[in-house]
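**Student:** One structure, pasted below without further comment.
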Amino acid sequence: MSFSTLPHDSRTLLKVTINARIVVVGASDTGLAFLEALTFSPHLRFNNLTLISTHGLPDRYSDDNMRFLATSHCYSDQDQAQLSLRSWISMVMDKMKAIESKAKHLELMENGKVKYDDLILCTGLQYQVRDTQTQHQHNSANQDVTPRRRHLHPVPSNLFILNDQHDLCKIYTKHKMMFDTCTGDAVLYGNTIDMFTCVETLMHLGVSGRRIHVVHPPEEDPFSCFHNVSVEHAVKQALEKEEVHVHHNCLLTQINDGQHTDPVTLVSFTTDAQTLRLECTMFFIFSHKTVDYDAFKAISDACLVFDGRLVIDSYFHTNDPSIYAAGPLTKYSRCYHADQWSDSCFNSKEVGQSLASVLLPLCDPTLERPAGPPSDHNHLIPVYNQAKIQVLHLWLIFIICILQGRDIVTGRTETDIYIHLHLSPHDLVESITCLSKNTLPVSNLLCLYRKQQLLLNHLCSRYDEDHHSLY
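Heads up: the sequence shown runs through residues 312 to 782, numbered per our numbering.
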C-alpha cells in the first residue's frame, strides 16, 4: 500500500470573519506594520479595520531628489503599492481630538466620532516649534536659556516643519517659486539626519551651499546623530566643500525680533560668545521631536498614564484594557527600570508586528480569550532582532546600539565606500555603518545583520590576516 501527502492550499481554506472594531491612530511605520499583519492574517479576516491619519496613507513618491527627510526603509514606495492597504481598511483623514474611554469612541477635529472595540495609538513623534523668549542684552549665555514652552502663535509661511512626505509635497507645491528662484539664505536649525538630508535636497534644487546656514543647538546627548566619528568628519568635510555655513552651540531665541510677523526674515540665536543674527527667506526646524499637543491632550484627558511619553507594559497595554500603544509615542513603565530603552530604539516595523502578535490571539474565536491582560511579574522588556535603519540619501547610515565587542573597518571616508561593522562579544554583527557616494542595495547590507562572523567565511580571521580587501 502506498501513501502520499498532499499539501493544503491555504487559498482554499475559509477564513474566520472578525467584526471587532479595531481603530488605529497614526499612519506611522508601526501602525502600518500592525495593519499589514492583521490584513494578511492566514486564517482571520478583519472586516472593521479603521485608520485615522491626518494625511491618510503615505503617498508614493518616486523622485529621490525631492526627499527632504531621511527614511527608515521600513516601507518603500514599491512596498506601499504592493500592499494596497486602501483595499482592506477604512480610511479617516482627520485628527484625534479626544478619547471617550467609557463610551469607547474617538472624537475628531471635524466633529466626527469613530467607535472602537480596541484602540491602537501609533502617532509617533513630530517636529515642533518651541516658544522663544526674549533675552536681555547682558545675558546671552546658553546655560541660562532653556525655552520649553509650546509655540502659540501662527506659524509663518516660510517656516517649514517637515514631518512626512505629504508635508513636503504640500510645501513644495505651494512655495515652488520660492525654492526655484531663491535668492536669499536658507537657515536649518537642528542636529538630526533629517536636517542633513534637507541640505542635500536644497542643493539639488539649485540652492547654493553659500546660501545655506546649518545651525546646531546645544547638545544634551554627547553623541552626534551619526554615532560614528569617521562619518561625522566626512559629512563636515562635504559641507565645507560645498561652502555651507555651520554654526555650533546656538539656541534659537527670537524670530523677527519677537514681532510674530509673516514671513520670517530674521532669526536670532544665543551662543557662548555673542548673539548670532541671520537673515533668511526659508527657515527649517529639525531641533525638537515630541508628542503632538492635540494627541497629548486627548491622552491626558482620557486619564492614560503619561510620563513624557505614553506609558505601556511589555505587552503594549496602557492602563485602559481597551487601548494599546506602540512606537516612539511610548515608553516603558518605571517599574521596568529601563528608561534608556523604548520602542523608538528598535525597528518600527518589527514593533508593529509584535503588537499584532499580542492582539491576534485575543481576536481569534477558536482560542479562549483570557479574563484579563497577562501578568508581567518579571518586568522584562521585549527582545527585538531586526535592524533599525536610518538612510540619508547619498550617505547610507545604519545605526544600532553599540555594545562591547570589536570593530571591523574597510575603506576610507575619502574613497568611494566606507563600511564599519561592529561585532558583539559573541561575534554577531550588531551594527552596520556604510558611507558611499553611490547607491547601494540596502537588502544586501541587511543580510549581514545579526550574522555570526563564522558564517561570513571567518570574517575576523581574514581581517586579522589583512585579507579584508577580498570582501
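Idealized CB from N, CA, C, for every residue including glycine.
Classify Asp583 as helix, strand or coil using the three-state DSSP reduction.
**Tutor:** Assignment of Asp583 by DSSP, reduced to helix, strand and coil, places it in the coil class.
**Student:** For Arg378 and Thr508, which I take to be in contact (beta-carbon distance under 8 Å), what is that distance rounded to the nearest angstrom?
**Tutor:** Rounded, the Cβ-Cβ distance is 7 Å, consistent with contact.
**Student:** Under a Cβ-count criterion, where at least 16 other Cβ atoms within 10 Å of its own Cβ denotes burial, should Glu551 be classed as buried or exposed?
**Tutor:** Glu551 comes out exposed.
**Student:** Kindly indicate which three-state DSSP category His778 falls into: helix, strand or coil?
**Tutor:** coil
**Student:** By how many angstroms is the C-alpha of Ser352 removed from the C-alpha of His803?
**Tutor:** No statement about residue 803 is possible, as the shown extent of the chain runs from 312 to 782 and does not include it.
**Student:** Hey, does His464 have any beta-carbon neighbour from chain C nearer than 8 Å?
**Tutor:** Absent from the structure is chain C; it holds one protein chain and no more.
**Student:** When you compare only the Cα positions, how much space is there between His769 and Arg397?
**Tutor:** 46 Å
**Student:** Once you ignore the five residues that flank Ala667 on each side, which residues in its own chain have a CB closer than 7 Å to its CB?
**Tutor:** Phe345, Ala348 and Leu349
**Student:** Measuring CA to CA, which of Asp624, Val336, Ser468 and Ser772 is closest to Val669?
**Tutor:** For the options Asp624, Val336, Ser468 and Ser772, the alpha carbon positioned closest to that of Val669 is the one of Asp624.
**Student:** So if DSSP puts Val555 in a beta bridge, which residue, or which two residues, is it bridged to?
**Tutor:** Its beta-bridge partners do not exist; DSSP assigns none.
**Student:** Pop quiz: Gly520 and Glu553 are said to be a contact at Cβ under 8 Å. What is the actual Cβ separation, rounded to whole angstroms?
**Tutor:** Right, their Cβ atoms sit about 3 Å apart.
**Student:** If we require 3 or more residues per run, which beta strand (DSSP E) segments fall completely within the region 590–655?
**Tutor:** 593–597, 621–623, 634–636 and 641–643
**Student:** So is Val694 buried or exposed if we call it buried at 16+ other beta carbons inside 10 Å?
**Tutor:** exposed
**Student:** In this structure, does DSSP put Cys771 in helix, strand or coil?
**Tutor:** helix
**Student:** Cα separation between Leu756 and Leu746?
**Tutor:** If you draw a straight line from the Cα of Leu756 to the Cα of Leu746, it is about 12 Å long.
**Student:** Under a Cβ-count criterion, where at least 16 other Cβ atoms within 10 Å of its own Cβ denotes burial, should Lys748 be classed as buried or exposed?
**Tutor:** exposed
**Student:** Tell me the DSSP bridge mates of Cys745?
**Tutor:** Ile730
**Student:** With DSSP as the reference, identify every bridge partner of Thr564, one or two as the case may be.
**Tutor:** Bridge partners of Thr564: none, in fact.
**Student:** Can you give the beta carbon distance from Gly337 to Thr434, rounded, assuming they're within the 8 Å contact cut?
**Tutor:** Confirmed, about 4 Å.
**Student:** Examine the Cβ distances between the region 723–735 and the region 401–420 and report whether three or more of them are shorter than 8 Å.
**Tutor:** Contact fails: fewer than three Cβ-Cβ distances are below 8 Å.
**Student:** Please classify His778: is it buried, with 16 or more other beta-carbons within 10 angstroms of its beta-carbon, or exposed?
**Tutor:** exposed
**Student:** According to DSSP, is Leu577 helix, strand or coil?
**Tutor:** strand
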